[in-house]
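Written out below as structure tokens is the structure these notes cover.
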Amino acid sequence: MERPVDWDSGAIVAVDQTVLPAELRHLRLTTVDEVVDAIRRLVVRGAPVIGVTGAFGVAIAARQHEEPGGRLDQAAVRRDAQRIVDSRPTAVNLRWAVERVLTRLPDGADGVLAEAHTVLAEDERANRTAARRAADVLRDECPDRPLRVLTHCNSGALATMGGGTAFGAIRELAGDGRLEEAIATETRPLLQGARLTVWELHRAGLPHRLCVDSAAPAAMAAGLVDAVVVGADRIAANGDTANKIGTYGLACAAAHNRIPFVVVAPQSTVDADTLSGADIPIEERDADEVVRLAGADTTVPGTRAYNPAFDVTPAGLITAIVTEQQVWRP
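What follows is the structure, given as structure tokens:
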């Protein structure tokens, strides 16, 4: 698949992930307001892709605040950059990428854009390397058979540059002849697994099936799962990880059934300033995502909902955290 996010003639070109799998649509984002809206609405999603989008969003801000002679109104660019960071507080890659391109403000709009392109290229290389490392870890953990690998949310080419993190590990296993089946959870409430991961598995020609979220522990208990591999939106200094809501429950079930649980993410997802999972801000989304479906009520009107976008998996439940730089067994 082409890049989920790219730069073209002063605009961000992004795959609109909200309309998949029914339609493969591309949007052009030309203002900071459009970038913020796209991140908030999950038009673009997945920690690495959000980071790249944020970096190019700052490049748009720099162009909009360029003064005669090429000087930038740096204060205005920084205000727009903070709006971008605030659009998704849990994914640390967004803040990391924005802060990185801001270091090029003295070099003008062209310098900021050049750094954003560098972020994209480095992220592609990092994710390919991490995926290969993770596949090797999974083979070491389960050395005697082709694997049935369960994954949660979407960590493929839509969510990351370079073809995927956790999804990339599944693809690498398939290339090694060591994948029996990929099992994708639905991933409530927006069905990123059902809509996006299954779409990517189908396009890649990989053997797969869809698993009801609440049935995943039962699948493990029934011996249908050899390993679990997921991505991460933030990794704390002690190895606690934040990922799409439902990941913590999968880790508990995997630990109970003695199934390897592997997290794959670029090194930029590791946040040394966040000491533990207790310090990770957890975004809570609109209740309408739970109580309504396609415009119709699915429960009693007015019902309140608990709808966190992420949960935290304690380090003690994780077999290995794999980045392009390390295999960390917290």
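One gets this note's numbering by counting positions in the sequence shown from 1 and adding 974 to each. Ideal Cβ placement from N, Cα and C applies to all residues, glycine included.
Self-check item: Rounded straight-line distance, which links the Cα of threonine 1287 to that of cysteine 1185
Solution: 20 angstroms
Self-check item: Beta-carbon proximity list for valine 1111, same chain, < 7 angstroms, skipping 5 on both sides
Solution: Val1236, Ala1294, Val1296 and Val1301
Quiz item: If you draw a straight line from the alpha carbon of threonine 1161 to that of arginine 1045, how long is it in whole angstroms?
Solution: Rounded to the nearest angstrom, the gap between the Cα atoms of threonine 1161 and arginine 1045 is 46 angstroms.
Quiz item: What span of residues does the beta strand (DSSP E) with arginine 1183 cover, start to end?
Solution: For arginine 1183, the uninterrupted beta strand (DSSP E) segment begins and ends at 1182-1185.
Quiz item: What first and last residue would you give for the beta strand (DSSP E) that runs through leucine 1124?
Solution: 1121-1125
Quiz item: Looking only at C-alpha atoms, which of Ala1071, Ala1088, His1000 and Gly1205 sits nearest to threonine 1027?
Solution: Ala1071
Quiz prompt | As assigned by DSSP and simplified to three states, the class of valine 1265 | solution = helix
Quiz item: Is it true that the stretch 1207-1216 meets the stretch 1031-1043, where meeting means three or more beta-carbon pairs spaced less than 8 angstroms apart?
Solution: Cβ pair count under 8 angstroms is below three, so no.
Quiz prompt | Boundaries of the alpha helix (DSSP H) in which asparagine 1101 is found, first to last residue | solution = 1082-1115
Quiz prompt | Candidates Ala1279, Thr1248, Ala1270 and Arg999, of which the one nearest proline 1063 by Cα | solution = Thr1248
Quiz item: Just how far apart, CA to CA, sit leucine 1003 and arginine 1232?
Solution: 45 angstroms
Quiz prompt | Simplified DSSP state of arginine 1037, which is helix, strand or coil | solution = helix
Exercise. Compare the beta carbon distance of histidine 1039 and alanine 1029 with 9 angstroms and say whether it is the shorter of the two.
Key: No. Outside cutoff.
Quiz item: Where arginine 1266 and arginine 1278 are concerned, what is the direct C-alpha to C-alpha distance, given to the nearest angstrom?
Solution: In this structure, the alpha-carbon of arginine 1266 lies about 12 angstroms from that of arginine 1278.
Quiz item: Which ranges does the alpha helix (DSSP H) cover as unbroken runs of at least 4 residues, wholly within the stretch 983-1018, from first to last along the chain?
Solution: With a minimum length of 4 residues, the continuous alpha helix (DSSP H) runs that stay inside the stretch 983-1018 are 1006-1014.
Exercise. Count the C-beta pairs between the stretch 1103-1119 and the stretch 1173-1193 that are closer than 8 angstroms, then say yes if the count reaches three, no if not.
Key: no
Quiz prompt | Cut-off 8 angstroms between Cβ atoms - residues of its own chain near valine 1017, not counting five sequence neighbours on either side | solution = Excluding residues within five positions, the ones whose Cβ falls inside 8 angstroms are Ala988, Asp990, Gln991, Thr992, Leu1001 and Asp1011.
Quiz item: Is leucine 994 closer than 9 angstroms to leucine 1132 when the C-beta atoms are compared?
Solution: yes
Self-check item: Secondary structure of leucine 1165, DSSP reduced to three states
Solution: coil
Self-check item: Nearest-angstrom beta carbon gap, valine 1238 and valine 1203 [assumed within contact, 8 angstroms]
Solution: 6 angstroms
Self-check item: Spatial neighbours of alanine 1156 in its chain, beta-carbon cut-off 6 angstroms, leaving aside the 5 residues before and after
Solution: Val1123, Ile1144, Leu1175, Leu1180 and His1182
Quiz item: Rounded to a whole number of angstroms, what is the C-alpha to C-alpha distance between methionine 1194 and proline 1275?
Solution: The straight-line gap from Cα to Cα measures roughly 36 angstroms.
Quiz item: Buried or exposed: which applies to alanine 1105, given that a residue is buried once 16 or more other Cβ atoms fall within 10 Å of its Cβ?
Solution: Counting of Cβ neighbours within 10 angstroms places alanine 1105 among the buried residues, the total reaching 16 or more.
Quiz item: What residues in its chain sit with their C-beta under 7 angstroms from that of leucine 1094, if we drop five residues either side in the sequence?
Solution: A distance below 7 angstroms between beta-carbons, with the five flanking residues on each side excluded, links leucine 1094 to the following residues of its chain, in chain order: Val1026 and Met1135.
Quiz prompt | Buried/exposed call for proline 1042, threshold 16 Cβ in 10 Å | solution = exposed
Quiz prompt | Per DSSP, the bridge partner or partners of valine 1204 | solution = Bridge partners of valine 1204: Val1237.
Quiz item: DSSP on isoleucine 1058, reduced to helix/strand/coil?
Solution: Per DSSP, reduced to three states, the secondary structure at isoleucine 1058 is helical.
Quiz item: Between valine 1199 and the rest of its own chain, which residues show a CB-CB distance below 7 angstroms, the 5 nearest in sequence each way excluded?
Solution: Setting aside the 5 residues that flank it on each side, valine 1199 is surrounded in the same chain by Arg1122, Leu1124, Ile1157, Ala1193 and Ile1233, each with a C-beta closer than 7 angstroms to its C-beta; the list follows chain order.
Quiz item: With distances taken between CB atoms, is the gap from glutamate 1257 to phenylalanine 1284 smaller than 9 angstroms?
Solution: yes
Exercise. Please report how far the alpha carbon of lysine 1218 lies from the alpha carbon of proline 1022, in whole angstroms.
Key: So the alpha carbons of these two residues sit roughly 14 angstroms apart.
Self-check item: Own chain, CB closer than 6 angstroms to aspartate 1054, minus 5 neighbours either side, in chain order
Solution: Val1006 and Ala1035
Practice problem: Just mark arginine 1303 as buried or exposed, buried being the case when its beta carbon has 16 or more other beta carbons within 10 Å. | Solution: exposed
Quiz item: Considering threonine 1221, what are the terminal residues of the alpha helix (DSSP H) in which it resides?
Solution: Threonine 1221 -> alpha helix (DSSP H) spans 1221-1230.
Quiz item: Among residues of its own chain, excluding the 5 on either side of threonine 1077, which ones have a beta-carbon nearer than 8 angstroms to its beta-carbon?
Solution: Glu1089
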